[in-house]
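Some notes on the structure that comes next.
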Amino acid sequence: MTVTLISSLLSTILHNPLTTTAVVIIGFLFTHILLPYLLDPYSLRRLSIPGPTAAALSDLWLGYHSTNGHRSEVVHALHERYGRIVRIAPNHVSIASPEALQTIYAHGNGALKSNFYDAFVSIQRGLFNTRDRTEHTRKRKLVSHIFSQKSVLEFEPYIRIYVSELSEQWSRLYELALKGERGDEGQGQGGGWYGRDGRLWMDALPWCNYLAFDIIGDLAFGAPFGMIKACKDMAQIPASGPSADLADSKSEVRIKEIPAVKILNGRGEYSMSMGVLPPAYRPIAKKFPWFAAGAADVKALAGIAIMAVRKRLVAQEAGTLSVRKTDLLEKLQRGKDEDGKTMGREELTAEALTLLIAGSDTTSNSTCAILYHLARTPSAQAKLHAELDKAVPDLEALPMTVDDVKADRLPYLDACINEGLRIHSTSALGLPRLVPKGGMTVEGVTFPEGTVLSVPSYTIHRDTEVWGDDIEDFRPERWLGLDDDKKELVNKTFNPFSVGPRACVGRNLAYLELQIIVGSLVRRWDFVLEDGLEQEVGLFLHSFGILRILFVVLNISLFGVDSLHL
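In structure tokens, the structure reads:
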């Protein structure tokens, strides 16, 4: 009778679509959510790690906050509520302390990158998303030499070229703005540009994007993308898609134009969100429209690198490369691993893609963030103007040079840059690492092998014990006049480029760019916010760098040139 009852029940379930669906859903929830929580394989429940129940049950909680762009702020709010240690996923613990930063990302601790980085792979694994330690060591040997101090200094003249181009475009638009005209160049969140009350108003972020892309285009591939001159977001890719033959630079390839900045932002949002999902969920997620669009952006961005590398190698083979310079791609071609082997075409393109991503979006967002805070803090901007006026009295000498910004010559400029990077770090989220065999003890808690740990830069950059109570204020003075103990604590906590063996290899170049760009622009112009923008500051805090800043260019006679009105 029991067998008959069970058979009848199963027959009813299998022949009723709604019942079958309900059973499948319940089974999925039990198998993938409730059972792992009860089994507690990483002892996080037994260790009493605090955090939202939803985060302890499923990765979807963190995935949701990553998708909507507020992950850093949400995790920060959890730390304010629960303390230094917070559970943000079934197997992911966020730890906000300087000590944790030095422990989790330290040299030789055995902690590898988690599967979060798999979501960033397109052509093949590059330096950023390689998880294997041996392979990363090999790649770092091939890549790191191109960012030596000597190499970085070689790139200074080309950074200055595009800062000059940007200034020329702004000067042209200002002359039109004086006539009350408007246009759609530099189309941003607030539209294009317009003249009002004898001033030029525009969204600065698109222009910062154009500048960063043209600089990295020239430094990496030997030619800019041409965004500043075109006044728009554009790049070329193979019309057939990123699967175009990587090995053949002689065949004809049809091309099409795409918005590179838009594609890069879409790829970032996609990868950040996809990376927090378990690998088994990712193929399913790609079926949803938002993720499908992001996956298309990943392919398109790979196409930009493929096209840029192809054009560069075609010119090299044809002997039409400019004799004036060397670029990052040429240096990568010359790099050799321990076996004396150089990179193949596909690996070269993958590393070029890494350079493109690392050298564009991060630079533009950091530049715009610093300009935003200077505009929002007139007293700091006035102090910076005074320092720059004294250092570069002749505007004709702009853009600034390496000698202008060398160590300790412009301490307030460096303080402004550091303060901007503190508040708006481009790596604001915690970069996940896997606890190695034998476990890892952080903040007095021993985590078992396989646990994912991270330190959120957004939160440690707002640690009141390190930075003071005015953590949301832009106050460059907090970087000046530090005693040895305070300087050591600040250096242990400040994390704009990560730390340890996986830290950003291009940080010296990135910092030089910011010094030249911010110093040159602020020396020539005075930045202010559009009325009412203070209420929109929430846009600035998004994890993906969504930042809107409008500025007015005041009469440059204030800075020594009566013939120009910029």
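Under the working numbering, the first residue of the sequence shown is numbered 23, with each subsequent residue one higher.
By construction, the Cβ of each residue, glycine as well, lies at the ideal position given by its N, Cα and C atoms.
Which residues does DSSP list as the beta-bridge partners of K278?
I259
Ignore the nearest five residues each way along the sequence and tell me which others in V12's own chain have a CB closer than 8 Å to its CB.
Within the shown structure, residues of the chain are numbered from 23 to 588, placing residue 12 beyond reach of any answer.
Just to confirm before moving on: does the CB-CB distance between P120 and V488 stay below 8 Å?
yes
Could you spell out the range, first to last residue, of the alpha helix (DSSP H) harbouring L351?
350-356
Going by CA-CA distance only, name the one from L84, Y64, V521, F516 that's closest to S295.
L84
Leaving out the 5 sequence neighbours to the left and right, which residues in its chain are closer than 7 Å to L343 when beta-carbon positions are compared?
G244, A337
For F313, the first and last residue of its enclosing alpha helix (DSSP H):
311-340
Contacting residues, own chain, Cβ-Cβ under 7 Å from Y64 (five flanking each side not counted)
N113, P470, G472, T473
Please check the pair E535 and T376, which I expect to be a contact at CB under 8 Å, by giving their CB distance rounded to whole angstroms.
So it is not a contact: roughly 17 Å between Cβ atoms.
Beta-carbon spacing of I145, L354 below 8 Å:
no
Would you identify the three-state DSSP class for R500, choosing helix, strand or coil?
helix
So, do the region 351-367 and the region 157-174 have three or more beta carbon pairs nearer to each other than 8 Å?
yes
Simplified DSSP assignment, three categories, for R204:
strand
May I ask you to list the residues that DSSP assigns as paired with R455?
K135, L475
Put H114 into one of helix, strand or coil per three-state DSSP.
strand
Determine the direct distance from the alpha carbon of E207 to that of G217, and round the result to whole angstroms.
13 Å
Cα-Cα separation, A78 to S70:
11 Å
Report the residue from D425, D495, G466 whose alpha carbon sits nearest the alpha carbon of C438.
D495
Does the beta-carbon of T125 have 16 or more other beta-carbons within 10 angstroms, so that it is buried, or is it exposed?
buried
From the DSSP secondary-structure annotation, give me the bridge partner or partners of I107.
I117
Can you tell me which of the three DSSP states F469 falls into?
strand
Run the CB neighbour count on P228, radius 10 Å, all protein chains shown included, and call it buried at 16 or more, exposed below.
buried
Starting from the C-beta of T399, find all residues in its chain whose C-beta is less than 6 Å away, skip the five residues before and the five after it, and write them out in chain order.
F496
In the DSSP assignment, the beta strand (DSSP E) including V464 goes from what residue to what residue?
462-464
Using the C-alpha atoms, what's the distance from Y180 back to G239?
10 Å
For E556 and T159, what's the separation of their Cα atoms in angstroms?
In this prediction, E556 scores a pLDDT of 49, lower than 50, which makes its location untrustworthy; the coordinate-derived value is nonetheless stated afterwards. About 46 Å.
Please state if the CB of D255 and the CB of V283 are separated by a distance shorter than 8 Å.
yes
Does DSSP classify Q537 as helix, strand or coil?
helix
Less than 8 Å between the beta carbons of S116 and P415, yes or no?
no
Might you give, ordered along the chain, the residues of its own chain that have their beta carbon closer than 6 Å to the beta carbon of Y127, omitting 5 neighbours on each side?
V521, G522
Enumerate in chain order the residues of its own chain whose CB-to-CB distance from A324 is below 7 Å, with the five nearest sequence positions on each side excluded.
S144, I145, P264, L375
So is A133 buried or exposed if we call it buried at 16+ other beta carbons inside 10 Å?
buried
Mind the definition here: the region 326-335 touches the region 288-304 only if three or more C-beta pairs lie below 8 Å; say whether that holds.
no
Verify whether the separation of the beta carbon atoms of V467 and A122 is less than 8 Å.
no
Check for me: the alpha helix (DSSP H) holding N513 runs from which residue to which?
506-515
Where L561 sits in the DSSP three-state scheme:
Unreliable positioning characterises L561 in this predicted model, as indicated by a pLDDT of 35, which lies under 50. The coordinate reading is nonetheless provided below. L561: helix per DSSP, three-state reduction.
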